[in-house]
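Let me begin by presenting the structure, written as structure tokens, before commenting on it.
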Amino acid sequence: MNRQIARVILGLTAVAACSLATAKLQAPDHVIYGNATIFGVDAPLGSVIELREMDGDVLARYELGRESRLGNQYALYIPMDTVDPREDGHARKGDQVEIFIGAQLAARTQVGDEGVAVRLDIDPQNMGTGPAIRVDPIQVMEGNSGLTTARFTLLMNTTAPDRVVKVNWQTAADTATAGASCTAGVDYITRSGQASIPAGQLQAVVDISVCGDTTIEPNELFNLQLTGTEDDFGVIQDASVQATILDDDDLPAIHIADVRVLEPQAGSAPANFQVTLSRSSAVDVSVDYSTVNVTAMAGADFTNTSGNLVIPAGDTTASISVEVLADATVEPQETFRLALSNPQAAGLATAFATGSIVDPKYDPALTEQDETNSDGDAGGQLVQPGAIAISADGLFAYATSEAMDSVLLFSRDTQNGQLTYITAYSAGGVGAPLDGVRDVVISPDDKHVYVAARANDAVVAFSRNVASGELTLVNSLQDGVGGVTGLDGATALGISADGRSLYAAGNTGSTLAVMARDAGTGALTFVESEKNGIDDATDAGGAVANMDRPSGVVVSSDGKQVYVSAAFGNAVIVFTRTDDVGQADDGKLSFVTSHRDGLLGVDGLSGASDLVLSPDGAQLYVSAEAEDAVVLFDRAGDGSLTWRKAWRKGETGLVGLNGPRAIALSPDGQELYVAGWDDSSLTVFNRTITGTGPSNPAGNLVVRQTLFDDEGSITSMGGPTALACSADSQNVYVVANIDNAIVVLRRAAYDAIFGSGFE
Numbered sequence: 000m001n002r003q004i005a006r007v008i009l010g011l012t013a014v015a016a017c018s019l020a021t022a023k024l025q026a027p028d029h030v031i032y033g034n035a036t037i038f039g040v041d042a043p044l045g046s047v048i049e050l051r052e053m054d055g056d057v058l059a060r061y062e063l064g065r066e067s068r069l070g071n072q073y074a075l076y077i078p079m080d081t082v083d084p085r086e087d088g089h090a091r092k093g094d095q096v097e098i099f100i101g102a103q104l105a106a107r108t109q110v111g112d113e114g115v116a117v118r119l120d121i122d123p124q125n126m127g128t129g130p131a132i133r134v135d136p137i138q139v140m141e142g143n144s145g146l147t148t149a150r151f152t153l154l155m156n157t158t159a160p161d162r163v164v165k166v167n168w169q170t171a172a173d174t175a176t177a178g179a180s181c182t183a184g185v186d187y188i189t190r191s192g193q194a195s196i197p198a199g200q201l202q203a204v205v206d207i208s209v210c211g212d213t214t215i216e217p218n219e220l221f222n223l224q225l226t227g228t229e230d231d232f233g234v235i236q237d238a239s240v241q242a243t244i245l246d247d248d249d250l251p252a253i254h255i256a257d258v259r260v261l262e263p264q265a266g267s268a269p270a271n272f273q274v275t276l277s278r279s280s281a282v283d284v285s286v287d288y289s290t291v292n293v294t295a296m297a298g299a300d301f302t303n304t305s306g307n308l309v310i311p312a313g314d315t316t317a318s319i320s321v322e323v324l325a326d327a328t329v330e331p332q333e334t335f336r337l338a339l340s341n342p343q344a345a346g347l348a349t350a351f352a353t354g355s356i357v358d359p360k361y362d363p364a365l366t367e368q369d370e371t372n373s374d375g376d377a378g379g380q381l382v383q384p385g386a387i388a389i390s391a392d393g394l395f396a397y398a399t400s401e402a403m404d405s406v407l408l409f410s411r412d413t414q415n416g417q418l419t420y421i422t423a424y425s426a427g428g429v430g431a432p433l434d435g436v437r438d439v440v441i442s443p444d445d446k447h448v449y450v451a452a453r454a455n456d457a458v459v460a461f462s463r464n465v466a467s468g469e470l471t472l473v474n475s476l477q478d479g480v481g482g483v484t485g486l487d488g489a490t491a492l493g494i495s496a497d498g499r500s501l502y503a504a505g506n507t508g509s510t511l512a513v514m515a516r517d518a519g520t521g522a523l524t525f526v527e528s529e530k531n532g533i534d535d536a537t538d539a540g541g542a543v544a545n546m547d548r549p550s551g552v553v554v555s556s557d558g559k560q561v562y563v564s565a566a567f568g569n570a571v572i573v574f575t576r577t578d579d580v581g582q583a584d585d586g587k588l589s590f591v592t593s594h595r596d597g598l599l600g601v602d603g604l605s606g607a608s609d610l611v612l613s614p615d616g617a618q619l620y621v622s623a624e625a626e627d628a629v630v631l632f633d634r635a636g637d638g639s640l641t642w643r644k645a646w647r648k649g650e651t652g653l654v655g656l657n658g659p660r661a662i663a664l665s666p667d668g669q670e671l672y673v674a675g676w677d678d679s680s681l682t683v684f685n686r687t688i689t690g691t692g693p694s695n696p697a698g699n700l701v702v703r704q705t706l707f708d709d710e711g712s713i714t715s716m717g718g719p720t721a722l723a724c725s726a727d728s729q730n731v732y733v734v735a736n737i738d739n740a741i742v743v744l745r746r747a748a749y750d751a752i753f754g755s756g757f758e
């Protein structure tokens, strides 16, 4: 401590003495100050330092760091008393006192003269002679039989160059049972002895034998006690430390997940591997890790990384970061591995994870064009959007907002596909049942817009001003009103290519409503409804099967069939459609069959959520939310379906596709798009138009690209729930229900055709 600090202390003492207005003249304090360390390491700020009389009474206390002017040093102001009778809590010159750092005795000294400051650096190590000796707690796996060594390491903070330091030790039981040998019920062998740390060395080891068994039991504890040193040379820092015997008969399992990261344009980007335990552990779990080259090379594509990961007791997750490096080469996806080894207090369920480095410049199917957000771009109206439809002329778009009970109108820039908000049509504003509006479709002639309102059990018809895009209410149909049925929980719509029929899936009622459309006015007239489990006596079909909670509807381009996906039925339901222009039964349906997951060779349909037909009508594709899958059916000329294949998340290249809710095909049929709700992803498949043989038949899919929310430039694709493609094949629109946004993507295929200026 320098002279300036000493003057500060004495000045404070003098001020304190002068300010006392008592009947008895008070003597100025005696001050003890200096550095506070614990076995050579600075005592942490906040440590409480106390000066106590020999009987334990506290005379002075200081919290380290309290006085900024003292820095990391301490100062104890000891009240002095020189006149009898002596006051409690006061000291006199020559009194023996002890100074503690927390609970550790760090110094013994005498009180000096009043009004005097004395420097005294304190440390528990000063209470003895020689180096400080410590030992850390350990963990040891029990083993299933025989003996396992529990090794304690005794460490000194400095060497003794001229002599051997000898430390006496003994074991002591805690929850573990000690014994002379490994008989039944004994957990470790009791021992005592003396450890020798050679001159000039810093450590020695003590080995205790642990008895293995196959009994599933809690972790158990015993202690190693350091009882003293020979000739009192050496200061024992830890008198007793704990050993934990880890039961390895019921260990948690370590899992590590694959990681995908976009290659940065410059510098580096982290690939964060998530490590999880199957359950929490009462002790720390650790595992070694190291990167391994596959097609990506350490030093060029990523930073070679290794180390030891610790998951603290009670926690179940941790992460390991590997830096991915930028390079100038445009290249296909590359991979490396992060390998795990040497697990402690856990087993390895997964020995490695794959890191995939994706170059966004390499053959992208889609690139982001724009993001339309509710607050910034849509007047706060695009809240919980559910669907979008693009007019055939490409000039306007219509989106639904379930939370705002409204239909939003946007203009569309035909050069780049970007949307500009114009207005919103709300339930109150137009006087229509739009509560919980979910789906929207545009008539094939581009003249009318139809929406499904789930909360109102209704379908609403609007006429459309082709020049301005503005909507005018035509009429609405509501379940239970005027003989209308089948609209309970109206969720999804499908319209026939001839424009004569509109179909609505009643999700809550497990129904399908049939409506006739007036091509001139756009008005809807109720025709009939089909209900799960019910046989409609007016048609030739049997009882509808497996149409539990229908979620999607599509009408074949030839108008002969209607296909429905059923989320709870795990099925695709097939109806034939009556083609009888101008007659009352036009558009009516007859149940044909259902294709259910797990029956007659059908697989991958659990949670069937949406479906789409290829432009030529030869294939039907279904997204299955509960199975993280896309399923392909071949469609025959008579409309019958044959299951062909399912693609699932986790298969080669399929890193997205978690909880797929929406599916769409590009107008040219070359690309299939699937939106994954659970991982906020968009998976792009290349689709074979003309087959080239058994290995690549028409309709086959090959994954080409996966986009994720908050990856690269995409920031508002959380909760993708619906998809739409512009008729000009330029853009794909993703409705992001969680982020209250519409993401506008541009197709590379469009630029390949028109990029040269050809129109």
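Each residue of the sequence shown is one higher than the one before, starting from 0 at the first, in numbering that gives the first Met the number 0. For glycine and all other residues, C-beta sits at the position ideal for the given N, C-alpha and C. If you're wondering where the values come from, they're calculated on a predicted model, not measured in any experiment.
I need the boundaries of the alpha helix (DSSP H) containing residue i, first residue and last residue.
{"i": "Gly428", "result": "Ala426 to Val429"}
{"i": "Lys482", "result": "Sequence inspection shows Gly at residue 482; the Lys mentioned does not correspond to that position. Per DSSP, Gly482 belongs to no alpha helix (DSSP H) and is neither H nor E."}
By a C-beta neighbour count over all protein chains shown, 10 Å radius and 16 as the cutoff for buried, is residue i buried or exposed?
{"i": "Pro130", "result": "buried"}
{"i": "Gly298", "result": "exposed"}
{"i": "Tyr288", "result": "buried"}
{"i": "Leu44", "result": "exposed"}
{"i": "Gln3", "result": "Per-residue confidence for Gln3 stands at a pLDDT of 46, beneath the threshold of 50, marking its modelled position as unreliable; no derived number is given."}
{"i": "Ala22", "result": "Model confidence at Ala22 stands at a pLDDT of 48, short of 50, so the residue's coordinates are unreliable; what they give is reported in the following sentence. The residue is exposed, with fewer than 16 neighbouring Cβ atoms inside 10 Å."}
{"i": "Ile356", "result": "buried"}
{"i": "Pro693", "result": "exposed"}
{"i": "Glu86", "result": "exposed"}
{"i": "Arg68", "result": "exposed"}
{"i": "Gly88", "result": "exposed"}
{"i": "Asp478", "result": "buried"}
{"i": "Gln109", "result": "exposed"}
{"i": "Arg278", "result": "exposed"}
{"i": "Met53", "result": "exposed"}
{"i": "Asn341", "result": "exposed"}
{"i": "Gln582", "result": "exposed"}
{"i": "Leu599", "result": "exposed"}
Is the beta carbon of residue j closer than 8 Å to that of residue i?
{"i": "Arg576", "j": "Val563", "result": "no"}
{"i": "Ala171", "j": "Asn222", "result": "yes"}
{"i": "Leu245", "j": "Gln138", "result": "yes"}
{"i": "Phe99", "j": "Gln236", "result": "no"}
{"i": "Leu656", "j": "Gly638", "result": "no"}
{"i": "Val436", "j": "Ala452", "result": "yes"}
{"i": "Gly378", "j": "Tyr420", "result": "yes"}
{"i": "Ala635", "j": "Ala623", "result": "no"}
{"i": "Ala90", "j": "Leu58", "result": "yes"}
Could you pull the start and end residues of the beta strand (DSSP E) that residue i belongs to?
{"i": "Ser373", "result": "Taken as a continuous stretch (DSSP letters only), Ser373 belongs to no beta strand (DSSP E), being part of the alpha helix (DSSP H) at Ser373 to Asp376."}
{"i": "Glu49", "result": "Val47 to Glu52"}
{"i": "Ala194", "result": "Ser191 to Ile196"}
{"i": "Glu219", "result": "Glu219 to Thr228"}
{"i": "Pro78", "result": "Tyr73 to Met79"}
{"i": "Leu599", "result": "Taken as a continuous stretch (DSSP letters only), Leu599 belongs to no beta strand (DSSP E), as it is neither H nor E."}
{"i": "Trp642", "result": "Leu640 to Arg647"}
{"i": "Ile572", "result": "Ala570 to Arg576"}
Does any C-beta atom of chain C lie closer than 8 Å to the C-beta of residue i?
{"i": "Glu670", "result": "Given the protein chain composition of this structure (a single chain), no chain C is represented."}
Under 7 Å from any heavy atom of the ligand GDP, does the C-beta of residue i make it?
{"i": "Gly184", "result": "In the structure shown, the ligand GDP is absent, as is every other ligand, since no ligand is present at all."}
Touching by the beta-carbon criterion (3+ pairs, under 8 Å), the stretch 254-274 and the stretch 155-168: No, because fewer than three Cβ pairs between the stretch 254-274 and the stretch 155-168 fall closer than 8 Å, the two stretches do not touch.
Could you say if the stretch 117-137 and the stretch 150-160 meet the contact criterion of at least three C-beta pairs nearer than 8 Å? In short, these stretches touch, since the Cβ pair count reaches three.
Three or more C-beta pairs below 8 Å linking the stretch 340-351 and the stretch 403-416: Fewer than three pairs of CB atoms, one per stretch, sit closer than 8 Å, so the stretch 340-351 makes no contact with the stretch 403-416.
Does the stretch 463-471 come close enough to the stretch 491-504 to have 3 or more Cβ pairs within less than 8 Å? Flag = no, the stretch 463-471 and the stretch 491-504 do not touch.
Say whether the stretch 396-405 touches the stretch 694-712, bearing in mind that this needs 3 or more beta-carbon pairs closer than 8 Å, one atom from each stretch. Taking 8 Å as the limit for Cβ pairs, the verdict is that the stretch 694-712 does not touch the stretch 396-405.
Cβ pair count under 8 Å reaching 3, the stretch 25-43 against the stretch 69-80: Taking a cut-off of 8 Å on C-beta distances, the stretch 25-43 touches the stretch 69-80, as three or more cross pairs fall below it.
Cβ contact (3+ pairs, closer than 8 Å) linking the stretch 444-451 and the stretch 518-525: Yes, the stretch 444-451 touches the stretch 518-525.
Please give me, in chain order, every unbroken run of the beta strand (DSSP E) with length at least 3 that falls completely inside the stretch 283-366. Taking only runs of at least 3 residues, the beta strand (DSSP E) segments lying wholly in the stretch 283-366 are 284-292, 305-310, 316-324, 333-343 and 351-357.
Identify every run of the beta strand (DSSP E) within the stretch 465-544, keeping only runs that are complete inside it and at least 3 residues long; order them along the chain. Taken in chain order, the unbroken stretches of beta strand (DSSP E) that lie wholly in the stretch 465-544 and span 3 residues or more are 470-477, 489-494, 500-505, 510-516 and 523-530.
Segments assigned beta strand (DSSP E), at least 3 residues, entirely inside the stretch 147-209: Runs of the beta strand (DSSP E) lying entirely within the stretch 147-209 and spanning at least 3 residues, in chain order: 164-172 and 191-196.
At least three beta-carbon pairs within less than 8 Å, the stretch 591-598 to the stretch 537-550: Inter-segment contact for the stretch 591-598 and the stretch 537-550 is present: three or more beta-carbon pairs are separated by less than 8 Å.
Three or more beta-carbon pairs under 8 Å between the stretch 243-259 and the stretch 222-233, yes or no? In short, these stretches do not touch, since the Cβ pair count stays below three.
Below 8 Å, can you find three or more Cβ-Cβ pairs linking the stretch 663-677 to the stretch 718-727? Yes, the stretch 663-677 is in contact with the stretch 718-727.
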